[in-house]
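The structure under discussion appears below in the form of structure tokens.
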Amino acid sequence: MVLKVALSLNQGTRRNLVRVSDELGEANSWLEQKGEWEAKAEWLKKNLRPSPEDNPAPALQKKAQSAATSAGLKIEEQNLLAPKIGASCTIYANRMRLTGSLEQFTRWATQLYQPENGVALTALNLKLSPEPPKMTGEAEVGQFFLGKKQ
Numbered sequence: 001m002v003l004k005v006a007l008s009l010n011q012g013t014r015r016n017l018v019r020v021s022d023e024l025g026e027a028n029s030w031l032e033q034k035g036e037w038e039a040k041a042e043w044l045k046k047n048l049r050p051s052p053e054d055n056p057a058p059a060l061q062k063k064a065q066s067a068a069t070s071a072g073l074k075i076e077e078q079n080l081l082a083p084k085i086g087a088s089c090t091i092y093a094n095r096m097r098l099t100g101s102l103e104q105f106t107r108w109a110t111q112l113y114q115p116e117n118g119v120a121l122t123a124l125n126l127k128l129s130p131e132p133p134k135m136t137g138e139a140e141v142g143q144f145f146l147g148k149k150q
């Protein structure tokens, strides 16, 4: 009985040791990357604009439509998403379903990417259509703004 209790305590201690060791490894990884993350956070503070009073989503949608059309993509469907309000930023987004070639999708993504305006392609899922080399893509275009101070 005493041996059983001692073995049980030993297994519990080993599990805790493994858990703490994993946590320490993750913490050390974050510390190694601290300089990089601080530089990125500073860039965001300096370059992202504050959230505007009016809703910027329609302008973002128009920008995404224009870029898609000029890249030769066909817009099948699109809708504005509700703003995602986080601790440090607010994201306004437009979800789109498009068809075209891989080259057209690449051209579109390149036109959209504007870090100085906080605009980026935040999600892209491409599938071959029944008529290769055409592809069907579901994409989300987001614009990031600094969060409102509370």
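If you're matching positions, the sequence shown starts at 1 in my numbering and goes up one per residue. Just so you know, even glycine gets a beta-carbon here, dropped at the ideal spot from N, CA and C.
Asked                                                                                                                        : Found
Which of helix, strand or coil DSSP assigns to GLY35                                                                         : helix
Chain-order list of residues whose beta-carbon lies under 7 Å from that of LEU121 (same chain, five-residue window excluded) : ALA109, LEU112, TYR113, ALA139 and VAL141
Delimiting residues of the alpha helix (DSSP H) encompassing LEU102                                                          : 102-112
Per DSSP, the bridge partner or partners of VAL119                                                                           : GLN114 and GLN143
Enclosing beta strand (DSSP E) for LEU80 [first to last residue]                                                             : 74-80
Given ALA93 as reference, the closest of TRP30, ASN55 and GLU38 once Cα atoms are compared                                   : ASN55
GLU116 to LYS63 span [Cα, whole Å]                                                                                           : 15 Å
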